[in-house]
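**Student:** In full-length UniProt numbering, the protein residues as written are 1 to 179. C-beta atoms are modelled at their ideal positions from N, C-alpha and C, and glycine is treated no differently. Predicted, not measured: the structure shown is a model, and the values here were computed from it. Sending over a structure as structure tokens; questions will come in a sec.
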Amino acid sequence: MGPTAQKVLVLLFGGLALGLTSSPDRYFRIIRTIRKDFEKINRYALHRTIRNLYRSKLVNVKENADDTVTLVLTDKGRVKALTYNIENVNVPDMKRWDKQWRVVMFDIPERYKKPRDALSKTLKKAGFYKFQKSVFVHPFECKNEVDFVVEFFNLRPYVRYMLASHIDNELDIKQHFNL
């Protein structure tokens, strides 16, 4: 599933969260976040993604009397959206380490300070080792998780992902991950 599809599922799940919140502050915060994120999605990609989500039975399309369409998450879609919840991004452990380091590097302009800080915080929370101010390292496969986080914060042009077989202070990093 691509990053746009993940974002659409999370946005739909955010709509579900609106129905469950009782706090007016939280309600309006969710509304602002959903609106901002929805406006950032490319319209062509959105239509293609909705069609694919429908085909994979993650959403149902309900036609209304006023010729509008409502997307409704199916149970399968709800589970998938929870899997990609930005608050709970997690990198699963591999049975055996493949001796490859996953390195996430970024150079994000100052005008994107909030998303940059949110990216750093999310990577740290997901278990990445902070190698330098804008370089994070993880020993296990995490490309999908990194792509999701980068797309969620709309930082694709500023973030790079690479595999490295050797890092000069590898011992410290191995110790951090108990490898």
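Taking the alpha carbon of ARG111 as the reference point, which residue from ILE167, LEU53, GLN175 and LEU155 has its own alpha carbon closest?
**Tutor:** Nearest of ILE167, LEU53, GLN175 and LEU155 to ARG111, Cα basis: LEU155.
**Student:** I'd like the span of the alpha helix (DSSP H) that includes PHE148, first residue to last.
**Tutor:** Looking at the DSSP string, the run of the alpha helix (DSSP H) that includes PHE148 is 143-152.
**Student:** In three-state terms, what does DSSP make of residue 185?
**Tutor:** The structure shown does not extend to residue 185, since the chain is modelled only from 1 through 179, so no value can be given for it.
**Student:** DSSP beta-bridge partners for residue 181?
**Tutor:** Nothing can be reported for residue 181, as the shown portion of the chain is limited to 1 through 179.
**Student:** Would you call ASP101 buried or exposed, if buried means 16 or more other Cβ atoms sit within 10 Å of its Cβ?
**Tutor:** Residue identity differs from the one stated: residue 101 is Trp in this sequence, not Asp. The residue is buried, with at least 16 neighbouring Cβ atoms inside 10 Å.
**Student:** Excluding the 5 residues flanking VAL159 on each side, which residues of the same chain have their C-beta closer than 7 angstroms to its C-beta?
**Tutor:** Excluding positions up to five away in sequence, the list reads VAL104, PHE106 and VAL150.
**Student:** Shorter than 7 angstroms, the distance from the beta carbon of THR74 to the closest heavy atom of the ligand NAP, or not?
**Tutor:** The ligand content of the structure shown is nil, which means the ligand NAP is not present either.
**Student:** Under a three-way DSSP split, which group does THR74 fall into?
**Tutor:** Coil, per DSSP.
**Student:** According to DSSP, simplified to helix, strand and coil, what is LYS113?
**Tutor:** Helix, per DSSP.
**Student:** Below 8 angstroms between beta carbons: does that hold for LYS130 and PHE136?
**Tutor:** A contact, by the Cβ cut-off of 8 angstroms.
**Student:** Can you tell me where the alpha helix (DSSP H) holding LYS174 begins and where it ends?
**Tutor:** Run containing LYS174: 170-176, per the alpha helix (DSSP H) assignment.
**Student:** Which stretch, first to last residue, makes up the beta strand (DSSP E) that contains ASN60?
**Tutor:** Per DSSP, ASN60 belongs to the beta strand (DSSP E) from 59-63.
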